[in-house]
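Taken in order, the sequence shown gives residues -20 to -1, 1 to 238; the numbers are from mature numbering (1 follows the signal peptide of the UniProt record, and there is no 0). Glycine residues also receive a C-beta, built at the ideal position from the N, C-alpha and C atoms. Since the structure is predicted, the reported quantities are computational estimates derived from the model, not experimental observations. One structure below.
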Amino acid sequence: MYFKHQLLSLLGVFAIGSQAATTLARCNANNCYRALFSCPDPSAVSAASAFCATITASGTTATNFPARATKACGTAAAPYISACACGPTCSATPSSTPTSTPCVPYGGLLSNGDFECGIESWTVETYDANARADITYASTNSGQRSFEAALLADRPLPQPPVVAGLKSHSVSVQRNVPCKLTFAVWFDGPDAGFVGVRFNGVAGRTVDARDGAGWGVWKAVSVDYTPDSDNIKILFEFVSGRDASLVRLDSVVFNYLR
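Right, dumping it as structure tokens:
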């Protein structure tokens, strides 16, 4: 197995018990997940959140499997733990919304690099029918929000490879003055693909799920870049393979080297 860690704290607001040593749950946004977290129904998301707070790795404390999910998930603990690991990654509003961090400037020459102002100043595009990209409270590197791109279902071929993109507003810069881009990324598993960075359409860096500290943790990344024009746009591309996957981005800063 890939993992031998302590019991995963379910993303964001979920806690799944106090057992000390068990297998790390991998988020699998499959049919069980979609049945459990019925996105158009806020009450269903709220009920799923409450259920996920009760289940443990052995399933012994879960006696209230949601009826709407049993056809897709069955009555064994493992499928529910996997679905719960994704958290409520749809746009339905939960019954209680976390208090937002005040929206203050962040990002150096960028604005809203920590996504505390939602998606303001960024442009989001999705290229796969099963791709979803939005702001989430489920897990962050800083503040209370991050950006999330998900491929919600397995697919027979990794086409299109880029399932989602996130583009910054146009940034005014001094030509030929060295700059640095820093950001943090999070992958839900070893096969969650990679994130690519482009400056004015030119490839600058890629970060794979298996790089560095691996998956299930926030990884800090930095890229040196010297502009050759007076304005740039920064594009993050989320590249997936065949497997359903979840990738998060946070703490984006672009500034001159000090």
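Out of the options, state which residue places its alpha-carbon closest to the alpha-carbon of residue i.
i	options	result
Ala47	Gly145, Ala15, Ile212, Arg185	Ala15
Asn110	Pro141, Leu161, Phe174, Leu215	Pro141
Asp114	Ser122, Gln139, Leu146	Leu146
Asn180	Trp195, Asp208, Pro158	Asp208
Residue j and residue i - do their beta-carbons sit closer together than 7 Å?
i	j	result
Arg190	Asp134	no
Ala144	Ser231	no
Lys160	Asp204	yes
Glu105	Asn92	no
Val233	Gly123	no
Phe31	Val25	no
Thr162	Ser126	no
Gly184	Val177	yes
Phe218	Ala118	no
When DSSP labels each residue in this structure, what does residue i get in the three-state scheme?
i	result
Cys97	coil
Thr50	helix
Ile127	The sequence as given places Phe at residue 127; Ile does not occur at that position. It is a strand residue.
Val25	helix
Phe45	coil
If you follow the alpha helix (DSSP H) that residue i is in, where does it begin and where does it stop?
i	result
Leu16	11 to 16
By Cβ distance, which residues of its chain are closer than 6 Å to residue i, with the 5 residues on each side in sequence left out?
i	result
Ser150	Asn211, Lys213
Cys53	Cys12, Pro59, Tyr60
Trp195	Phe167, Gly169, Pro170, Ala189
Which residue marks the beginning of the beta strand (DSSP E) containing residue i, and which one marks its end?
i	result
Tyr236	225 to 236
Ala183	182 to 188
Cys64	No beta strand (DSSP E) holds Cys64; the alpha helix (DSSP H) holding it covers 57 to 66.
Val104	102 to 106
Trp166	159 to 167
Once the 5 residues before and after residue i are set aside, which same chain residues still bring their CB inside 8 Å of it?
i	result
Pro138	Ser220, Gly221, Arg222
Once the 5 residues before and after residue i are set aside, which same chain residues still bring their CB inside 7 Å of it?
i	result
Asp188	Phe174
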